[in-house]
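*Asks:*
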Amino acid sequence: MNQDYILLLPIAWPLLAGIVTFFVKKILSERKLFCGFVFAAMLLEVIFTGLCLTGTRSLMFWKITERLEISFRVDTVSKLFAALVVIVWLLVGTFAFEYMKHGEHEELFFGFYLIVEMALVALCFADNMITYYVFFELMTLTSLPLVLHEMTHKAVLAGLKYLFYSVVGAFMALFGIFFLSSYGALGSFAAGGILDIPAVEGNTGLLYVCAILMIVGFGTKAGMFPMHGWLPTAHPEAPAPASAVLSGIITKMGVLGIIRVVYFVIGPDLLRGSWVQYVWMGLALTTVFLGSMLAYKEKVTKKRFAFSTVSQVSYILFGLSCMHPVAFVGALLHVIFHSAIKNTLFMSAGAFIYKTGKTRVEELKAIGKEMPIVIWCFTLVSIALIGIPPTSGFISKWYLATGSLGTHIPVFCWLGPVILLISALLTAGYLLPITIRGFFPGHDFDYSTLKSKEPNALMTIPMLILTVAAVLLGMFPNGLVNLITSVAATIF
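Numbers 9 to 500, taken from this note's numbering, label the letters of the sequence shown in order.
Pasting the structure below:
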């Protein structure tokens, strides 16, 4: 394996910067200098990661035993996820400078925020299942303080629930890794799978059990039923910037774990047509429908968005479960589009809370008159999440539905598009009323009580950037579609 030591830079840098952040606020005389240091750290991380995304790089970092090693490699999937992580992390971190302004212990928040970025980039660059598992656990442990940050009774309970679900899910994945290790599962990821096929042929029962355990285990972080319970509990208690990245980025590491297991370790050919595929498809569609229904009924704004995440991330999992190239393209498109959209939704909820203290949907009456920029960002990304053309959500859902129909799997081939359509209608039902009541509170509303509460540029610019991305990527998707299609072509 070639030794591209530059791969250590985007992993070591945020770890070092995060540790320094714990102490630097006491040294710097002004908060502006502290925020400048954190911003520079995040910006440098974008640059360092960008340098690693040129070409194919690999590094064997630590050989634990003859069979266990920590190693990193950049492939096309790595590039897609790593670029998404560092860009969104920078934008949400910029939003957090204002949001965390009046909170306590912001140095702890930003310190752990940078350290979590280290774990995320390492996951993107992981070369094998052992490396992925180690940093998957590190991601959980380092992101836990973001959930616990407020240290209220509810936040502590939410943090414990997040930890319990995450550890159980990770142990399910570890069980699968352990049993598949004798069939070659510890080798470097390769498109199409790396298992020893002759050895597997007489042990398909064990293979299927391990596969479903790993899918459900990594699916826990993605909020897939029945392991979705942590998401609607953790999101409302975490600060809004933490909720945004939990929903928009950290859930995607569960998705990436499943991609690595199914498409780069086991191989889709070994699972296609098996009961594992059908159970996975059923769980994903159940989660899509269940999450949408719960979001429709929920009255707390951030909790509504959390249930929405439960539903929308399983759009991605359903696309992956189809094991069809078109659905695979739709799934990876939705990874990017959902991240831009859901981060914007949670930042808008954070702006509502920060400027008005309103946490419930019914309290947002006439909010469009007070915060027009925020509510327009909210409205545009809501339209994208519903899947109304020409926004990005329409493109990903088109590929998902087309890919589902192309599988010709009895029932599931048509049930998938039907559930996606029902979910889209429910999405409209739980998002658009906020906009309608926000702009049109009614003739009996007392407009004299209204005044401008628009947040400053630190909060609005990140939302505007992601909103523009959510719209333009739907209007001009060809470059991204061609890139992801080339990734799919290496697997199928």
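From the three backbone atoms N, C-alpha and C, an ideal C-beta is built for every residue, glycine too.
Could you tell me which residues DSSP pairs with Met68 in its beta bridges?
*Replies:* Looking up residue 68 in the sequence shown gives position 60. DSSP, once it has assigned bridges, lists Ser79 as partnering Met68.
*Asks:* Determine the direct distance from the alpha carbon of Lys311 to that of Gly225, and round the result to whole angstroms.
*Replies:* For the purposes of this step, residue 225 is identified with residue 217 of the sequence shown, where counting begins at 1. For the purposes of this step, residue 311 is identified with residue 303 of the sequence shown, where counting begins at 1. Going by the C-alpha atoms only, they are around 23 Å apart.
*Asks:* Rounded to whole angstroms, what's the CA-CA distance from Met467 to Gly446? Just pull it up for me.
*Replies:* Locating residue 467 in the sequence shown gives position 459, counting from the first residue. Locating residue 446 in the sequence shown gives position 438, counting from the first residue. Using only the alpha carbons, I get a separation of about 19 Å.
*Asks:* So is Gly504 buried or exposed if we call it buried at 16+ other beta carbons inside 10 Å?
*Replies:* For the chain, the structure presents residues 9 to 500; residue 504 sits outside this window and is missing.
*Asks:* When burial is assigned at 16 or more other CB atoms within 10 Å of the CB, is Met483 buried or exposed?
*Replies:* Start at 1 with the first residue of the sequence shown, and residue 483 comes out as number 475. Burial call: exposed.
*Asks:* Name the two residues that bound the continuous alpha helix (DSSP H) containing Thr309.
*Replies:* Here residue 309 refers to the residue found at position 301 of the sequence shown. Start and end: 309 to 329.
*Asks:* Quickly, what does DSSP pair Arg268 with across the bridge? List them, please.
*Replies:* For the purposes of this step, residue 268 is identified with residue 260 of the sequence shown, where counting begins at 1. Per DSSP, none; premise fails for Arg268.
*Asks:* Would you call the stretch 425 to 444 and the stretch 282 to 302 touching, i.e. three or more CB-CB distances under 8 Å?
*Replies:* They touch, by the three-pair rule.
*Asks:* Pro249 and Val129 - do their beta-carbons sit closer together than 7 Å?
*Replies:* Numbered from 1 along the sequence shown, position 121 holds the residue referred to as residue 129. Numbered from 1 along the sequence shown, position 241 holds the residue referred to as residue 249. Cβ atoms of Val129 and Pro249: not closer than 7 Å.
*Asks:* Exposed or buried, which one is Pro206 when buried takes at least 16 other CB atoms within 10 Å?
*Replies:* Taking the sequence shown and counting its residues from 1, one reaches residue 206 at position 198. Pro206 should be labelled exposed.
*Asks:* Can you give, in chain order, each stretch of the alpha helix (DSSP H) that sits fully within the stretch 166 to 234 and has at least 4 residues?
*Replies:* With a minimum length of 4 residues, the continuous alpha helix (DSSP H) runs that stay inside the stretch 166 to 234 are 205 to 208, 212 to 229.
*Asks:* Could you compute how far the alpha carbon of Leu171 sits from the alpha carbon of Phe45?
*Replies:* Here residue 171 refers to the residue found at position 163 when the sequence shown is read from its first residue. Here residue 45 refers to the residue found at position 37 when the sequence shown is read from its first residue. Leu171 and Phe45: Cα-Cα distance of roughly 30 Å.
*Asks:* Do you know offhand how far Val253's Cα is from Asn351's?
*Replies:* One-based indexing of the sequence shown puts residue 253 at position 245. One-based indexing of the sequence shown puts residue 351 at position 343. Taking the straight line joining both Cα atoms gives about 7 Å.
*Asks:* If you pair each beta-carbon of the stretch 363 to 383 with each one of the stretch 447 to 463, do three or more pairs fall below 8 Å?
*Replies:* Touching, yes.
*Asks:* Any contact between the stretch 394 to 412 and the stretch 274 to 286? By contact I mean 3 or more CB pairs, one from each, below 8 Å.
*Replies:* Segments in contact, no.
*Asks:* Going by DSSP in three states, Met9 sits in which element: helix, strand or coil?
*Replies:* Position 1 of the sequence shown, counting from 1, holds the residue named residue 9. No answer about Met9 holds up, because its pLDDT of 48 lies below 50 and its placement is not dependable.
*Asks:* List, from N- to C-terminal side, the alpha helix (DSSP H) runs of 4 residues or more that fit wholly inside the stretch 381 to 420.
*Replies:* Fully enclosed alpha helix (DSSP H) runs of 4 or longer: 400 to 415.
*Asks:* On the criterion of 16 or more Cβ atoms from any shown chain inside 10 Å, does Arg81 qualify as buried, or is it exposed?
*Replies:* Numbered from 1 along the sequence shown, position 73 holds the residue referred to as residue 81. Buried.
*Asks:* Counting pairs of beta carbons, one from the stretch 161 to 170 and one from the stretch 233 to 242, are three or more of them closer than 8 Å?
*Replies:* Cβ pair count under 8 Å is three or more, so yes.
*Asks:* Who does Arg368 pair with in a DSSP beta bridge?
*Replies:* The residue labelled residue 368 in the question sits at position 360 within the sequence shown. Note: Arg368 sits in a beta bridge opposite Val308.
*Asks:* Can you tell me whether Trp70 is buried or exposed? The criterion is at least 16 other CB atoms within 10 Å of its CB, across all chains shown.
*Replies:* Taking the sequence shown and counting its residues from 1, the one referred to as residue 70 is at position 62. The residue in question, Trp70, is exposed, as its Cβ has fewer than 16 Cβ neighbours within 10 Å.
*Asks:* Ser556 and Leu92: beta carbons closer than 7 Å?
*Replies:* Absent from the model: residue 556. The displayed extent of the chain is 9 to 500, so no value can be given.
*Asks:* For Gly192, I'd like the list of residues in its chain whose CB is within less than 7 Å of its CB, leaving aside the five on either flank, ordered along the chain.
*Replies:* As a first step, residue 192 is located in the sequence shown; it is residue number 184 there, counting from the start. Same-chain partners within the cutoff: Ile202, Leu203, Asp204.
*Asks:* Taking the C-alpha atoms as reference points, what is the distance between Ile138 and Ser151?
*Replies:* Locating residue 138 in the sequence shown gives position 130, where the first residue counts as 1. Locating residue 151 in the sequence shown gives position 143, where the first residue counts as 1. Answer to the nearest angstrom: the Cα atoms are 20 Å apart.
*Asks:* Which of helix, strand or coil does DSSP assign to Ala246?
*Replies:* Position 238 of the sequence shown, counted from the first residue, corresponds to residue 246. Ala246: coil per DSSP, three-state reduction.
*Asks:* To the nearest angstrom, how far is the alpha carbon of Leu488 from that of Ile27?
*Replies:* The residue given as residue 488 occupies position 480 in the sequence shown. The residue given as residue 27 occupies position 19 in the sequence shown. For Leu488 and Ile27, the distance between alpha carbons rounds to 36 Å.
*Asks:* Starting from Ala494, follow the alpha helix (DSSP H) in both directions and report where the run begins and ends.
*Replies:* Numbered from 1 along the sequence shown, position 486 holds the residue referred to as residue 494. Here the sequence assigns Ser to residue 494, which means Ala is not the residue at that position. Note, Ser494: alpha helix (DSSP H), 486 to 497.
*Asks:* I need the DSSP call for Ala134, collapsed to helix, strand or coil.
*Replies:* Counting from 1 along the sequence shown, the entry for residue 134 is found at position 126. Correct three-state label for Ala134: strand.
*Asks:* Taking Trp288 as the reference, give the member of Thr317, Ile223, Leu278 with the closest Cα.
*Replies:* Reading the sequence shown from its first residue, position 280 is the one you call residue 288. Ranking the options by Cα distance to Trp288, first place goes to Ile223.
*Asks:* Please check the pair Met331 and Pro418, which I expect to be a contact at CB under 8 Å, by giving their CB distance rounded to whole angstroms.
*Replies:* Counting from one through the sequence shown, the residue named residue 331 turns up at place 323. Counting from one through the sequence shown, the residue named residue 418 turns up at place 410. Met331 to Pro418, Cβ: 15 Å. No contact.
*Asks:* Is the number of C-beta pairs between the stretch 110 to 122 and the stretch 30 to 49 that are closer than 8 Å three or more?
*Replies:* The answer is yes - the stretch 30 to 49 touches the stretch 110 to 122, with three or more Cβ pairs under 8 Å.
*Asks:* To which residues of the same chain is Thr498 closer than 6 Å at the C-beta, ignoring the five residues directly before and after it?
*Replies:* For this step, residue 498 is matched to residue 490 along the sequence shown. Ala199.
*Asks:* Secondary structure at Lys162, three-state DSSP: helix, strand or coil?
*Replies:* Within the sequence shown, numbered from 1, the residue matching residue 162 stands at position 154. It is helical.
*Asks:* Any idea if Ile403 is buried or exposed, counting beta-carbon neighbours within 10 angstroms, 16 or more meaning buried?
*Replies:* Walking along the sequence shown from the start, residue 403 turns up at place 395. Ile403 should be labelled buried.
*Asks:* Use the C-beta contact count for Ser174: other C-beta atoms within 10 angstroms, 16 or more gives buried, fewer gives exposed.
*Replies:* Here the question's residue 174 lines up with position 166 in the sequence shown. It counts as buried.
*Asks:* Nearest to Leu154 by CA position, among Ala392, Thr435, Ala242, is which residue?
*Replies:* In the sequence shown, residue 154 corresponds to position 146, counting from 1. Comparing Cα positions, the closest option is Ala242.
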